[in-house]
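S.K.:
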Amino acid sequence: MCFPESIEEISAAVGIACRHRVPFVARGSGTGLAGGATPVGDPLVIVTTRMNRILEIDAADRVAWVEPGVCNLDLSRSARHLGLHYAPDPSSQQACSIGGNVGTNAGGPHCLRDGVTSAHVLAVDVVLADGVITRLGGLAPDTPGYDLRGCFVGSEGTMGIAGRIAVRLLPDPPAVRTLLLDFASVAAAAATVSGIIAAGIVPAALEMMDAPITRLVEDFVGAGYPRDAEAVLLVEVSGLPEGVAAEVSGIGQVGRDHGARHVRVAADDAERELLWKGRKSAFGAIARIAPDYYLHDAVVPRTRLVEVLARVREIAAAQDLLVMNVFHAGDGNLHPLLVFDAREPGIWERVHAAGNGIVRACVEAGGVLSGEHGIGLEKRDLMPLVFDPDDLDAQARLRDAFDPSGLANPEKVLPRGSRCGEATRAPEGTWV
Amino acid sequence: MTRLGFDPDELAACVGCGLCLPHCPTYRVTGLESASPRGRITAMRVVEEGMPLDDAFSTVIDECILCRGCEAACPSGVQYGHLAEAARERVARRRPPMRRLVEWVAFVAVLPRHSVLLACTWLLLVAQRLHLVPARLGLPRLSPRSLRTPIVPDGDPTAYLFTGCVMDAWQRDVHRAAVHVMRSCGAQVGLPTAGGDCCGALHAHAGRVGEARRLARRVMASMPGDAPIVVDSAGCGAAMKDYGRLLGGPAAAAFSARVQDFAEWVAARGAPPLRDTGITVVVQDPCHLRHVQHAEGSVRTILHDAYRLVETDDDGMCCGAGGAYAVTERDLATRVRDCKVAAIRAAAGAMPFLVASANPGCAMHLDAAGLDVRHPAELLAAALDDPKGAM
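One line per chain: the protein sequences are L and C, in this order.
First residue of the first sequence? That's 4 in the working numbering, and the numbers climb one at a time after it.
First residue of the second sequence? That's 1080 in the working numbering, and the numbers climb one at a time after it.
(1) Nearest to E347(L) by alpha carbon, out of L380(L), P294(L), H338(L)?
(2) For M327(L), which of helix, strand or coil comes out of DSSP?
(3) Is there at least one Cβ from chain L nearer than 8 angstroms to A1092(C)'s Cβ?
(4) Would you say E1164(C) reaches chain L, if we count a Cβ-Cβ gap shorter than 8 angstroms as a contact?
(5) Looking at the C-beta of S1155(C), does it have a partner C-beta in chain L at a distance below 8 angstroms?
(6) Please check if any C-beta of chain L sits within less than 8 angstroms of the C-beta of M1470(C).
(7) Could you tell me the alpha carbon to alpha carbon distance between V129(L) and I13(L), rounded to whole angstroms?
(8) Could you compute how far the alpha carbon of H123(L) sits from the alpha carbon of P176(L)?
(9) Is there a Cβ of chain C sitting closer than 8 angstroms to that of R80(L), yes or no?
(10) Residues of chain C with CB closer than 9 angstroms to the CB of R56(L), please, in chain order.
(11) Starting from L1458(C), trace the alpha helix (DSSP H) in both directions and tell me its first and last residue.
(12) What's the gap between the Cα of G1097(C) and the Cα of S252(L)?
(13) Since V69(L) and V105(L) should fall inside the 8 angstroms C-beta cutoff, what is the C-beta to C-beta distance between them, to a whole number of angstroms?
(14) Just the Cα atoms here: how many angstroms apart are P1087(C) and M1123(C)?
(15) For G1440(C) and H1454(C), I'd like the C-alpha separation in whole angstroms.
(16) Compare the Cα-Cα distances from T51(L) to each of G1110(C), E1343(C), R1119(C), E1128(C) and report the closest residue.
(17) Taking only runs that begin and end inside the region 189 to 255 of chain L, name each unbroken alpha helix (DSSP H) of 4 or more residues, in chain order.
(18) H1138(C) lies in the beta strand (DSSP E); which residues open and close that run?
(19) How is C1149(C) classed by DSSP in three states: helix, strand or coil?
(20) Under 8 angstroms between C-beta atoms, does G287(L) make it to chain C?
(21) Quick check on D1086(C) - is its C-beta less than 8 angstroms from some C-beta in chain L?
(22) Using a Cβ-Cβ cutoff of 8 angstroms, what residues of the region 1111 to 1132 of chain C are near chain L? List them in chain order.
(23) Classify R1169(C) as buried or exposed, calling it buried when 16 or more other Cβ atoms lie within 10 Å of its own Cβ.
(24) Going by C-alpha to C-alpha distance, which of V1345(C), L1388(C), S1377(C) sits closest to T1359(C)?
(25) So, with DSSP's three-state summary, where would you put D61(L)?
(26) Would you say the region 207 to 226 of chain L touches the region 115 to 122 of chain L, given that touching needs at least three Cβ pairs under 8 angstroms?
(27) Going by alpha carbons, who is nearest to V326(L) out of D213(L), V25(L), S373(L)?
(28) I1144(C) by DSSP, collapsed to three states: which one?
(29) What residue range is occupied by the uninterrupted beta strand (DSSP E) comprising D1364(C)?
(30) Go ahead and label Y1322(C) buried or exposed: buried means 16 or more other beta carbons lie within 10 angstroms of its beta carbon, across all protein chains shown.
(31) Please report the residue range of the beta strand (DSSP E) in which I49(L) lies.
(32) Compare the C-beta of F6(L) against all C-beta atoms of chain C and say whether one is closer than 8 angstroms.
(33) Distance check for L1240(C) and A1206(C), CA to CA, integer angstroms please.
(34) Taking 8 angstroms as the threshold, find out whether the region 228 to 237 of chain L comes into contact with the region 176 to 196 of chain L through three or more Cβ pairs.
(35) Taking only beta carbons into account, state which residues of the region 14 to 44 of chain L come closer than 7 angstroms to chain C, listed in chain order.
(36) Considering only residues of the same chain and omitting the five flanking positions on each side of G1118(C), which have a CB-CB separation below 6 angstroms?
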């Protein structure tokens, strides 16, 4: 394990690992949910927590250069006095690092309108698997050649390690309103989600919570979430005051057309923050029911939300597990939570069986494996559900182009046998 | 009961999400998982599963300041303070003999016996005058006049002021200011009678829970009746509010319910008339006031009429004092303090400023870094319309 304090030190560590043919894994704050930073075997773990400096904030160009260990929320806080913020806001934003966000191409509630991490990373200084430092992307609006930066973002440490990152900062919106809509059925809430987008409104955030999680959250924050609702939508719009006002009334109308029982608009910032506190504490509040949960991450087309949610409940019920849903409805990014107590014998088999079933159901409905958490170890072996052998081989060759040695975070993202003709794994130490 | 002596459900409550990390002062300065709440809980788990309770584990547990900033941040409601105090109790039993001797002298021979502590303080005063006490220790300038002059309590008290051990010896003028303000608010101020020497907070932190319980019983006996107990040391107040859990039983719970921080008591009664001093004050929240007592708002309520209050932007991060921590883990305590001092100076900007701190340990620790630190009671006393007799 090592704790570099500069990109040159990362490069030195990777260089040594390369010479001794030791695999290496980068680790940020350790908040990942797919096991991307989990060491497999006995690799060198390169921890970036000491690289937590914000190197430069250019307010005029709205660009910040940061080290990979900088905490997501710290970046927005540092830019607050300039009226700027960093848009991607994973629920773990107070702890997670920008380097990890780049690795997983992280999302967050406000990525619906503003886009996920990749849309906000302009350039990355990368340490490649042989220790060479190179810049991918650039500050210019369009850099010539292939978009290797786009390739690197979301590569989960398999193409090298980000040592310096240039991110885009957005101006804080002049007006923000938050709405809470409650419904007597999940179907009505899901139809409203599609209706809002179809009406040409792209809210800053559009979140759904189902009945069990809404009651739980309300017990915790007391924000006035309706305990008898089957589903609630938390919608945020922001921008110029006139546009925001029009969107608020438009969303209210769509909601009522689809049977919303109440449309509540937060009166002030305190009420907005209380509503958001409820949404962002949802995972933690689960500890009130059981000590463990397994959080899934999959995406389905918005129009299929209702049937997939019903299917998720059936799958969980078949394994006698409690499932709760709190998720980014606007982009169809489901986060079913399976709630359990790990000390119960045999529980893990049931949790994994249910999890697998949920992911398969999402894929069958035309969805994908992951919305924002990444593939890592967790979903690696499910990759063939969405990619055929040719696709996997093409991806493996892309990875090899960045890292011919295969030392950068091996065993992650691509399942064994992804390379065409690679029936089994080659013996340790041989070149593939 | 588990090997480390705590409720297994409390250990199971941590889901390892990591939201505590940025709120942990030692993680902030080291970047080490083993210096974070999540890492410490992982260490406790592997010890529970049979790993040896060795020096590495002791270090992991000792490096925690027990600021409990992680508890406030934890969405799962992990009772980290309970876990850490229990682990420290177990770790304390395997200290090297020399350290155990020093700790015995401090915790058993001196702190619970106020006359011994005062005698030691006179020796310390002489040493201080002979420049034998390094300034970096943060010992306030001891005053013979203050040490010679006891505070005279009122008869038939309507409120007690708990004076405690080190604070009464080294910072008695803060108590004087507190008594002055309390009298200005119309209270008859009582003091603890014999036995109320020390609240036991430092003992509980050091893993000496049995001694902490003995001291707690003596403190309860020293302030009978049902008058509120005002505490002007945030660490002591937090410990005394926890007597109900420490001792169990209705008497301890009833006693804890009487305990209020000085600022809470003044805020509830309404501050006496104050003049606007125009002075800039950066508010430092002692961890046990903010994360444990949740009384940081009262400090602002009582001071805002008289001072221009300024906030730091570090979410109430710990200053690194942590009772005896500044002595036992000096290197980490200093690095944590450097961050705090930078945040305080940044908040004040170019203005000359004072720092308000409601805890004697924090005050000494920050004072040693060159800041001018005052207790809210002193600030209030100085801003009274009639400041006569404030000191």
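The C-beta atom is built at its ideal place from N, Cα and C for all residues, glycine as well.
Quantities reported herein were computed from a predicted structural model and do not represent experimental measurements.
M.R.: Looking at the coordinates:
(1) For the purposes of this step, residue 347(L) is taken as the residue at position 344 of the first sequence. Nearest option by C-alpha distance: P294(L).
(2) The sequence position of residue 327(L) within the first sequence is 324, counting from 1. Reduced to three states, the DSSP call for M327(L) is strand.
(3) Locating residue 1092(C) in the second sequence gives position 13, where the first residue counts as 1. Cβ-Cβ to chain L under 8 angstroms: yes for A1092(C).
(4) In the second sequence, the residue the question calls residue 1164(C) occupies position 85. By this cut-off, E1164(C) is not an interface position.
(5) For the purposes of this step, residue 1155(C) is taken as the residue at position 76 of the second sequence. So, interface residue.
(6) Residue 1470(C) sits at position 391 when you count from the first residue of the second sequence. Here M1470(C) scores only 43 on pLDDT, less than 50, and its place in the model should not be relied on; the value that follows carries that caveat. Taking Cβ atoms only, chain L never reaches closer than 8 angstroms to M1470(C), which makes this a no.
(7) Sequence index remark: in the first sequence, residue 129(L) carries index 126 (1-based). Sequence index remark: in the first sequence, residue 13(L) carries index 10 (1-based). Approximately 10 angstroms between the Cα atoms of the pair.
(8) Your numbering for residue 123(L) matches position 120 in the first sequence. Your numbering for residue 176(L) matches position 173 in the first sequence. Spanning the two alpha carbons is a distance of roughly 17 angstroms.
(9) By one-based count along the first sequence, residue 80(L) stands at place 77. Interface residue, yes.
(10) On the first sequence, position 53 is the one that residue 56(L) refers to. Within 9 angstroms Cβ-Cβ: nothing; R56(L) doesn't reach chain C, min ~12 angstroms.
(11) Residue 1458(C) sits at position 379 when you count from the first residue of the second sequence. Looking at the DSSP string, the run of the alpha helix (DSSP H) that includes L1458(C) is 1455 to 1462.
(12) Counted from its first residue, the second sequence places residue 1097(C) at position 18. Counted from its first residue, the first sequence places residue 252(L) at position 249. C-alpha separation (whole angstroms): 39 angstroms.
(13) Taking the first residue of the first sequence as position 1, residue 69(L) is located at position 66. Taking the first residue of the first sequence as position 1, residue 105(L) is located at position 102. So it is not a contact: roughly 10 angstroms between Cβ atoms.
(14) As a position in the second sequence, residue 1087(C) is number 8, starting the count at 1. As a position in the second sequence, residue 1123(C) is number 44, starting the count at 1. Their backbone Cα atoms lie some 11 angstroms apart in a straight line.
(15) Taking the first residue of the second sequence as 1, we reach residue 1440(C) at position 361. Taking the first residue of the second sequence as 1, we reach residue 1454(C) at position 375. Answer to the nearest angstrom: the Cα atoms are 11 angstroms apart.
(16) Translated into positions along the first sequence, residue 51(L) becomes position 48. Nearest C-alpha to T51(L): G1110(C).
(17) 189 to 201, 214 to 224
(18) By 1-based counting over the second sequence, the position of residue 1138(C) is 59. The sequence as given places Thr at residue 1138(C); His does not occur at that position. Per DSSP, T1138(C) belongs to no beta strand (DSSP E); it is in the alpha helix (DSSP H), 1134 to 1141.
(19) For this step, residue 1149(C) is matched to residue 70 along the second sequence. Helix at C1149(C).
(20) Working through the first sequence from its first residue, we reach residue 287(L) at position 284. Closer than 8 angstroms to some Cβ of chain C, the Cβ of G287(L) qualifies, so yes.
(21) Here residue 1086(C) is taken as the residue at index 7 of the second sequence, counted from 1. So, not an interface residue.
(22) L1111, E1112, R1117
(23) By one-based count along the second sequence, residue 1169(C) stands at place 90. Buried.
(24) Here residue 1359(C) refers to the residue found at position 280 when the second sequence is read from its first residue. The shortest C-alpha separation from T1359(C) is found at L1388(C).
(25) Taking the first residue of the first sequence as 1, we reach residue 61(L) at position 58. In this structure, D61(L) counts as strand in the three-state DSSP scheme.
(26) yes
(27) If you number the first sequence from 1, residue 326(L) lands on position 323. Closest by alpha carbon: D213(L).
(28) Counted from its first residue, the second sequence places residue 1144(C) at position 65. In this structure, I1144(C) counts as coil in the three-state DSSP scheme.
(29) Within the second sequence, numbered from 1, the residue matching residue 1364(C) stands at position 285. That residue, D1364(C), is in no beta strand (DSSP E); it is neither H nor E in DSSP.
(30) Residue mapping note: residue 1322(C) aligns to position 243 of the second sequence, counting from 1. Buried.
(31) Residue 49(L) sits at position 46 when you count from the first residue of the first sequence. Its beta strand (DSSP E) spans residues 47 to 50.
(32) Numbered from its first residue, the first sequence carries residue 6(L) at position 3. Yes - at least one Cβ of chain C is within 8 angstroms of the one on F6(L).
(33) Walking along the second sequence from the start, residue 1206(C) turns up at place 127. Walking along the second sequence from the start, residue 1240(C) turns up at place 161. A1206(C) and L1240(C): Cα-Cα distance of roughly 30 angstroms.
(34) yes
(35) S32, G33, T34
(36) Stepping through the second sequence from its first residue, residue 1118(C) is reached at position 39. The residues are E1112.
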